[in-house]
Amino acid sequence: MPTAVLTDRERAAVQAYLRLLHTVRAALDGPPASGRPPLVPPSVLAEADQALTRAGLTGNEEAFFQLLHDCNPRA
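Counted the way my numbering counts, the sequence shown spans residues 8 to 82.
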(Lines of atoms letter the chains of each structure in order from A and count residues from 1; the text may use other names and numbers.)
(Lines give C-alpha, C1' and ligand atoms only; values in the text may rest on other atoms or scores of the structure.)
Protein backbone atom coordinates (compact mmCIF):
# COMPACT_ATOMS: atom_id res chain seq x y z
CA MET A 1 0.00 0.00 0.00
CA PRO A 2 1.55 3.35 -1.05
CA THR A 3 2.12 5.95 1.61
CA ALA A 4 1.40 9.57 0.77
CA VAL A 5 3.52 12.27 2.33
CA LEU A 6 1.39 15.37 2.16
CA THR A 7 2.34 18.99 2.46
CA ASP A 8 0.50 20.98 5.12
CA ARG A 9 -1.65 22.57 2.41
CA GLU A 10 -2.52 19.23 0.84
CA ARG A 11 -3.42 17.83 4.25
CA ALA A 12 -5.63 20.88 4.93
CA ALA A 13 -7.38 20.38 1.58
CA VAL A 14 -8.06 16.71 2.31
CA GLN A 15 -9.34 17.53 5.80
CA ALA A 16 -11.59 20.32 4.51
CA TYR A 17 -13.00 18.01 1.85
CA LEU A 18 -13.69 15.30 4.42
CA ARG A 19 -15.47 17.83 6.67
CA LEU A 20 -17.55 18.90 3.67
CA LEU A 21 -18.33 15.29 2.80
CA HIS A 22 -19.42 14.48 6.37
CA THR A 23 -21.53 17.66 6.53
CA VAL A 24 -23.31 16.80 3.29
CA ARG A 25 -23.91 13.21 4.42
CA ALA A 26 -25.33 14.43 7.74
CA ALA A 27 -27.59 16.92 5.95
CA LEU A 28 -28.88 14.26 3.57
CA ASP A 29 -29.31 11.62 6.27
CA GLY A 30 -31.12 13.92 8.70
CA PRO A 31 -34.85 14.42 8.98
CA PRO A 32 -36.43 16.60 6.28
CA ALA A 33 -36.78 20.19 7.47
CA SER A 34 -40.29 21.28 6.55
CA GLY A 35 -40.01 20.18 2.92
CA ARG A 36 -36.93 22.29 2.21
CA PRO A 37 -33.82 20.76 0.67
CA PRO A 38 -30.95 20.11 3.08
CA LEU A 39 -28.52 22.98 3.40
CA VAL A 40 -24.77 22.91 3.72
CA PRO A 41 -23.38 26.00 5.47
CA PRO A 42 -21.62 28.29 2.98
CA SER A 43 -18.63 28.46 5.33
CA VAL A 44 -18.00 24.72 4.88
CA LEU A 45 -18.04 25.07 1.09
CA ALA A 46 -15.80 28.15 1.25
CA GLU A 47 -13.31 26.37 3.52
CA ALA A 48 -12.99 23.49 1.05
CA ASP A 49 -12.60 25.85 -1.93
CA GLN A 50 -9.94 27.92 -0.17
CA ALA A 51 -8.01 24.85 0.96
CA LEU A 52 -8.00 23.41 -2.56
CA THR A 53 -6.79 26.72 -3.97
CA ARG A 54 -3.99 27.07 -1.39
CA ALA A 55 -2.85 23.51 -2.14
CA GLY A 56 -2.79 24.21 -5.89
CA LEU A 57 -5.41 21.56 -6.51
CA THR A 58 -8.18 23.68 -8.03
CA GLY A 59 -8.99 22.24 -11.42
CA ASN A 60 -6.83 19.19 -10.82
CA GLU A 61 -9.39 16.76 -9.50
CA GLU A 62 -7.42 13.68 -10.52
CA ALA A 63 -4.45 14.65 -8.33
CA PHE A 64 -6.73 15.67 -5.45
CA PHE A 65 -8.75 12.47 -5.45
CA GLN A 66 -5.55 10.42 -5.61
CA LEU A 67 -4.33 12.25 -2.47
CA LEU A 68 -7.70 11.68 -0.85
CA HIS A 69 -7.63 7.98 -1.68
CA ASP A 70 -4.08 7.59 -0.41
CA CYS A 71 -5.03 9.24 2.90
CA ASN A 72 -8.50 7.78 3.37
CA PRO A 73 -9.38 4.89 1.04
CA ARG A 74 -12.93 4.71 2.42
CA ALA A 75 -13.85 8.33 1.55
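Each residue gets a CB set at the ideal place from its N, CA and C atoms; glycine is no exception.
{"Query": "Could you give the C-beta distance for F71 and A20, rounded to a whole number, given that I count them as a contact under 8 Å?", "Result": "7 Å"}
{"Query": "Leaving out five residues before and five after A23 in sequence, what residues of the same chain have Cβ atoms less than 6 Å from its Cβ?", "Result": "E54, A55 and A58"}
{"Query": "In terms of residue numbering, what span does the alpha helix (DSSP H) encompassing V47 cover?", "Result": "Neither: V47 is in no alpha helix (DSSP H) and is coded neither H nor E."}
{"Query": "With respect to the alpha helix (DSSP H) encompassing L64, which residues constitute its N-terminal and C-terminal limits?", "Result": "Per DSSP, L64 belongs to no alpha helix (DSSP H) and is neither H nor E."}
{"Query": "List the whole-angstrom C-beta distance separating L52 from L27, where the pair is believed to meet the contact cut-off of C-beta under 8 Å.", "Result": "7 Å"}
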